[in-house]
Amino acid sequence: MDASPLRGNSSKPVWLALAASAAVVGLAITVAMPSGTNPRSARLSGAAAELRSNDSHWVTAQVAASAPVPGVDDLMAGPEPAPSSAAEQEQRIARERAEGASSADPASAEGEEALDAESEEGSPERLAEARAVLLEKFEELKKNDPRAAMMLLESLSRSIEEDPEVVLMQAERAAIATLKNIASAQAQLQASGAIDVDGDGAGEYGTFAELSGACTLRGATNTLNPPVLSAAFRRVQRGAVERAGYFFAIFLPDATGQGLAENYEGGAHLALFQNVAADRCEVAWCAYAWPVSSQVPGRVFFVNQQGDVLARENGTVGETIYAGADGPGADGAFDASTMPGSITGTVAHSTPARDGGRWVVVN
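Under my numbering, the sequence shown is numbered contiguously, ending at residue 368.
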């Protein structure tokens with residue numbers, strides 16, 4: 006996931022961010038706690054795996070650096086591991102960072118600042134070293150004091166569940182997954198030929214209400230059965246559906262290619278019942294996802310019949326902010342050279358877009 010300017014540097018010491026980052030990513034994935042006994046542990050594992058799969062060490066660091074973690078002293082203490090040069094080096098790094106061994110020596114402090122600067126660069130070697138030490142210490146703690154180990158997992162789980170950065174990341178991932186689901190549903194609907202206003206045998210794309218079986222299909226007397234979207238998409242308000250902190254809206258083209266939003270409470274615009282619009286609806290549609298709240302600086306997402314999910318930052322300098330009732334127009338993610346309002350032109354893949362933003366493929 007791309008980092009935006011709003012996802013800034015943590016004010017906590019870098020050593021803590023580095024070590025705790027390793028703890029969250031490494032421990033949650035590697036440590037085998039009893040399954041089914043602690044839902045928080047399962048949620049922690051899932052969230053940490055999500056962070057790792059997105060290579061979002063900066064997210065993990067911010068979460069862990071601000072987390073109230075009981076049992077940290079127990080984690081860093083414990084029996085000494087079997088002597089080895091690698092283990093000794095790992096332990097020295099952990100001790101220096103945990104105990105501030107070099108803080109009294111100005112020269113050492115300068116060296117420590119240099120190390121911190123290198124850590125801020127995201128050094129894979131230092132991340133791996135800290136992760137190895139913490140994994141080893143946690144294994145010892147798990148053997149000697151399982152309750153303290155569980156307390157640690159509980160605390161890390163709470164910090165992940167409640168941290169705004171992680172909540173935002175999960176909402177964005179859910180929005181991307183939802184758009185992919187919508188794209189799949191549209192492909193199924195079009196291939197089935199269930200909507201065929203002009204009767205030429207070529208299926209057309211639909212609205213949320215049509216895809217979810219909430220209303221009669223255009224050009225027919227029946228609803229879609231079985232529907233290709235869940236009943237959750239039947240709740241259309243102001244032409245959009247709300248899910249997990251994001252609004253979703255579908256646009257279909259009229260006879261001239263202009264994108265038309267879904268009716269206020271669901272269903273197709275009257276212009277799409279005309280035969281002249283059917284040919285356009287056989288080949289084009291698009292959908293957007295944008296944050297429900299302006300307080301959450303989530304990215305904005307787009308998908309159309311091509312299947313690629315695109316994203317753009319929300320609120321960076323020179324770009325329109327989309328939030329709440331202020332969602333993207335039908336043509337927002339299309340190339341700036343596209344006719345205004347049209348959704349049948351070229352999508353702005355890292356080229357100037359009609360809404361002034363920079364849209365990039367994220368899937």
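Virtual Cβ for every residue (Gly too), placed ideally from N, Cα, C.
This one's a predicted model, so the numbers in the text were calculated from it and none came from an experiment.
Those residues which DSSP pairs with residue i across a bridge
i, result
"residue 257", "265"
"residue 306", "294 and 316"
"residue 278", "Answer is none; residue 278 lacks a bridge partner."
"residue 248", "251"
"residue 190", "Per DSSP, none; premise fails for residue 190."
"residue 363", "357"
"residue 242", "245"
"residue 340", "358"
"residue 331", "328"
"residue 202", "For residue 202, which the question treats as bridged, DSSP gives no partner whatsoever."
"residue 352", "339"
"residue 347", "263"
Where residue i falls, given that 16 or more other Cβ within 10 Å makes a residue buried
i, result
"residue 148", "exposed"
"residue 252", "buried"
"residue 236", "exposed"
"residue 242", "exposed"
"residue 361", "exposed"
"residue 263", "buried"
"residue 351", "exposed"
"residue 288", "exposed"
"residue 151", "exposed"
"residue 261", "exposed"
"residue 259", "buried"
"residue 336", "buried"
"residue 168", "buried"
"residue 345", "exposed"
Which listed residue (the options) has its alpha carbon closest to that of residue i
i, options, result
"residue 239", "224, 267, 256 and 263", "267"
"residue 195", "184, 260 and 222", "222"
"residue 254", "178, 276, 318 and 305", "305"
"residue 330", "343, 318 and 297", "297"
"residue 368", "151, 181 and 175", "181"
"residue 183", "295, 326 and 225", "295"
"residue 219", "189, 273 and 343", "273"
"residue 275", "224, 248, 340 and 366", "224"
"residue 190", "145, 354 and 291", "291"
"residue 179", "159, 207 and 303", "303"
"residue 256", "249, 248 and 285", "285"
"residue 355", "348, 364 and 307", "364"
"residue 172", "339, 357 and 301", "301"
"residue 177", "146, 338, 317 and 227", "317"
Inset, instruction - Evaluate contact between the stretch 191 to 202 and the stretch 214 to 227, counting only Cβ atoms and requiring at least three cross-stretch pairs below 8 Å. - result: yes
Inset, instruction - Tell me the start and end of each unbroken beta strand (DSSP E) in the stretch 206 to 240 that is at least 3 residues and wholly inside, in chain order. - result: none
Legend entry - Inter-stretch contact at 8 Å, needing at least 3 Cβ pairs: the stretch 227 to 240 / the stretch 297 to 312: no
Legend entry - Touching by the beta-carbon criterion (3+ pairs, under 8 Å), the stretch 319 to 330 and the stretch 269 to 286: no
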